[in-house]
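Using the UniProt record's numbering, count along the sequence shown one by one with no gaps and you end on 329.
This report concerns only the one structure given below.
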Amino acid sequence: MQSSSDLFPVALISAERRGDLSEDAYRLKPGNSPDGTVELVLTRLGLADAPQSRGVPVVLLHGSFSNRRFWYSPKGIGLGAYLARQGFDVWIPEMRGHGLSRRNQNYAKNRVADYARYDLPAIAAFVCEQSGQVPHWIGHSLGGITLAAALGGQYLGAPAVASVALFGCQVSRAWWPLKIPLVEWGARFILKRFSRLSGTRLKRGPEDEPIGLALETMRWHGLFGRFGDAEGDWWAGLAEVGVPLLAVSAAGDYQDPDWACRKLYEQVGSEHRQYLCLGRKQGFGGDFGHVEMLVSKAAQAEVWPLVQRWLRDPLAPLVGSPPQVIAAL
Numbered sequence: 001m002q003s004s005s006d007l008f009p010v011a012l013i014s015a016e017r018r019g020d021l022s023e024d025a026y027r028l029k030p031g032n033s034p035d036g037t038v039e040l041v042l043t044r045l046g047l048a049d050a051p052q053s054r055g056v057p058v059v060l061l062h063g064s065f066s067n068r069r070f071w072y073s074p075k076g077i078g079l080g081a082y083l084a085r086q087g088f089d090v091w092i093p094e095m096r097g098h099g100l101s102r103r104n105q106n107y108a109k110n111r112v113a114d115y116a117r118y119d120l121p122a123i124a125a126f127v128c129e130q131s132g133q134v135p136h137w138i139g140h141s142l143g144g145i146t147l148a149a150a151l152g153g154q155y156l157g158a159p160a161v162a163s164v165a166l167f168g169c170q171v172s173r174a175w176w177p178l179k180i181p182l183v184e185w186g187a188r189f190i191l192k193r194f195s196r197l198s199g200t201r202l203k204r205g206p207e208d209e210p211i212g213l214a215l216e217t218m219r220w221h222g223l224f225g226r227f228g229d230a231e232g233d234w235w236a237g238l239a240e241v242g243v244p245l246l247a248v249s250a251a252g253d254y255q256d257p258d259w260a261c262r263k264l265y266e267q268v269g270s271e272h273r274q275y276l277c278l279g280r281k282q283g284f285g286g287d288f289g290h291v292e293m294l295v296s297k298a299a300q301a302e303v304w305p306l307v308q309r310w311l312r313d314p315l316a317p318l319v320g321s322p323p324q325v326i327a328a329l
């Protein structure tokens, strides 16, 4: 089959109509990683009755233990579907071993460093090629952390990023026992006996995560740890980031609390940046949680319209504007 891209081998593996939406899934084989077996599936959502009409591209990155269904359900409900109906060109990658993306040969060793250095630049190149425009990026939880690593490591920049929105994203909440070398060593010894963490067993989500991610996170929070890898300090690099930023926390999020999300936001050097905390004290209908901030009827009514406003004009202020409540589907 002829490749759908001039950049690297890409195959259109499915093209479906989902009600008023079109769903095209592409399998990318970038070949830019030390593991040559890496394949990524990238799903594009658009309006079925306007297949040639491509709006502003938006890339949505799911969090840990998740897949493309975080952004849109089989019934066509979700932020991804909402944005497609608003005329945006929506692209939803599934990271290595998630959803339609197969597990690579070295799956157990996958890290944020690999996603940021190899996978996100390949996704950016393909979306830019297909749309002819620079995409906006939205990441939730681990997806946002991966975006922050790619920006701080200078793997992604202005030529491939129009703006960035980080939801429930932080790297500062530390587990203090990991600062004790003996405790960290013991935890590493135990974890290395496994190849993956089961999302279903841990009741965290439908997908598994490679053990490499857990080991990498432990290194960040160790005694002399930092947000980065052997080749760079991503935390320091965030101070050099210049693209518009929206950082969003949730008042009821105990996994990635407001103070930690704010600390990441304050580290980013963008001239145009905004911060929102989704809570009752901030004028919202309730205190949102880690998932509910994007997947709930309340989010559909109060948060999704704010995301659309941000994407229309990342330089226009959202802070101080009361949320416009719309009727949920």
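For every residue, glycine included, the Cβ atom is placed at its ideal position computed from N, Cα and C.
A quick note: this is a predicted structure, and the numbers were derived from the prediction, not measured.
For Ala165, the enclosing beta strand (DSSP E) covers residues 163–167.
Membership of Arg188 in any beta strand (DSSP E) is not indicated; the residue belongs instead to the alpha helix (DSSP H) covering 181–191. When Cβ pairs closer than 8 Å are counted between the two stretches, the segment 96–103 is seen not to touch the segment 71–86, the count staying below three.
In this model, Ala116 and Arg17 are separated by some 32 Å (Cα to Cα). Proximity to Met293 across Ser141, Glu266, Ile145, Gln130 peaks at Ser141, based on C-alpha coordinates. For the 8 Å CB-CB criterion, Gly279 and Ala298 do not form a contact.
Assignment of Pro177 by DSSP, reduced to helix, strand and coil, places it in the helix class. Here DSSP, grouped into helix, strand and coil, assigns Gly225 to coil. Setting aside the 5 residues that flank it on each side, Ala150 is surrounded in the same chain by Ala116, Leu120, Leu156, each with a C-beta closer than 6 Å to its C-beta; the list follows chain order.
Between Phe288 and Ala247, the gap from beta carbon to beta carbon reaches 8 Å or more.
Beta-bridge pairing by DSSP links Gln274 to Leu246.
The residue from Ile123, Leu45, Asn67 with its alpha-carbon nearest to that of Gly31 is Ile123. Taking Leu238 as the centre and dropping the five residues before and after it, the same chain places the C-beta of Ala148, Leu151, Gly152, Leu264, Gln267, Val268, Gly269 closer than 8 Å to its C-beta, in chain order. Distance from the CA atom of Leu197 to the CA atom of Ile211, rounded to whole angstroms, is 6 Å.
Beyond the five residues adjoining it in sequence on each side, Gly232 comes within less than 7 Å, by CB distance, of Gly153 in the same chain, given in chain order.
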